[in-house]
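To start, the structure itself, in structure tokens.
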Amino acid sequence: MSTGELCITGLVVDLVRWPLKMKRQHGVGGVQHEMPGAIVKITTDAGITGWGEVAPWSVFTGTAEQNVSGIVSYMKPLLIGADPLKITALMSEIDHALTGHSEGKAAIEMALLDIVGKRYGMPIAQMLGGYHRERVPLSVSIANPDFEADVAFAKQVSAQGYNIFKVKTGFAGHAQDLRRLERLRELLPETAEIRVDYNQGLDPWTAIRQLRDLEAFSLTFIEQPVKRHQWDAMAAIAATIDTPIMADESVFSPSDALAMVRQRFADVVAIKLMKSGGIMRAREVSAIAEAAGIAGYGGVMFEGGLACAAGLHTVAATPNICLGAEFYSSTWVLAVDILEDPLRIEDGLSVVPTGPGLGVTVNEDAVRRISVARHE
Ligand code: MG
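Going by my numbering, the letters in the sequence shown line up with residues 95 to 470, in that order.
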């Protein structure tokens, strides 16, 4: 395979505001009406275009604005004129140039992989080793502050074949969380998998007593009960509670994953491209977890079609990310889809794209409609 035959000629970033269809409430904060993000377009002298997406959440990873300025001021100068096929070299230059900005780095790596996949006619999942799975079981989040609306929603999607539900807890009080879980266990079929996600919503000194009350619901896992850096409390909870404990906010990077293994502070881990800084690092997190017998889950932020597609390729090619995924935000949560053909969900399963690169086509008019600032 020859290299040096492609050259990056342009990079455009749109700071966007996604309008939302659904209100969401989490232990770490709520969102309604709109969510900031950014879309990256990298052009080459061969006419091949790569797309990437920044999907941050200010209370979780960082802000769209900081990532846009990180891309424009620090990453773009390293990319213009460079060979997009040299992805690992470019990403390590970017890592040396600026710390943090995991979402911006994920977007750039996504766009470079999109270019390489299109250049060689190969989907990203194939570049990562091939499709271990072509469809991914979809986990539906129950996170509407109006619980009755979620009850109706859960009934509707359950009837359509969806079987994995993740209940967001820790924002309305313990008694209310127990009532919500009782109600869902009653109305959903016995075969339904229920998981809960506290998004850091519990205090360490009361967490174990409260989580003991959840053991009766046969939950698949309990996600991120306490604050992200309370690793000791996570370890105590994981050692005490029978239901598996999932780390989400507590594990961003491969080195966090190593700490998770050494301190045994989780039994399962949520893997997100926006936390790790891209697909390669997400696979490193998964590999470290796998070596310790810790299974992965394909998480998302409030992600549009590009980031969801990148996540699907990652899960498709990474056997250890076996606990399903939640790649429905681009079609169900965001009110604008920038893909010409929305990502498909069939029979409760997300369908992994099969075309070259990300395997999706961007509707540039839709990007313009949600753009609030363009940096060319
Ligand atoms: Mg989570």
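Glycine included, every Cβ here is placed at the ideal spot set by N, Cα and C.
Annotated three-state conformation of residue 447 is coil, per DSSP.
Only residues of its own chain outside the window of five on either side were considered, and among them 231, 233, 258 have a CB closer than 6 Å to the CB of residue 418, listed in chain order. Of 416, 306, 127, 254, the smallest CA-CA separation from residue 362 is found for 416.
By the CB criterion at 8 Å, residue 275 and residue 311 fall inside the cutoff. Nearest to residue 151 by C-alpha distance, out of 128, 139, 167, 134, is 128.
DSSP places residue 458 in the uninterrupted alpha helix (DSSP H) bounded by 458-464. Residue pairing by DSSP places residue 130 opposite 111 in a beta bridge. At least one heavy atom of ligand 1 falls within 7 Å of the beta-carbon of residue 317. Judged by beta-carbon spacing, residue 410 lies within the 8 Å limit of residue 219, meaning their Cβ atoms are closer than that value. Per DSSP, the continuous alpha helix (DSSP H) segment holding residue 244 begins and ends at 241-253. In the structure shown, residue 218 adopts helical secondary structure according to DSSP, grouped into three states.
In terms of Cβ geometry, residue 380 and residue 414 form a close pair [threshold 8 Å]. Secondary structure of residue 328 (DSSP, three-state): helix. Cβ-Cβ distances below 6 Å link residue 461 to 108, 133, 432 in the same chain, with the five nearest sequence neighbours on each side left out; the list follows chain order. Using a cutoff of 7 Å, the CB of residue 291 counts as near ligand 1, since one of the ligand's heavy atoms is closer than that. With 16 or more other CB atoms across the displayed protein chains lying within 10 angstroms of its CB, residue 138 is buried. In chain order, 292, 294, 296, 297, 298, 301, 327, 328, 331 place their CB closer than 8 Å to the CB of residue 320, counting only its own chain and leaving out the 5 sequence neighbours on each side.
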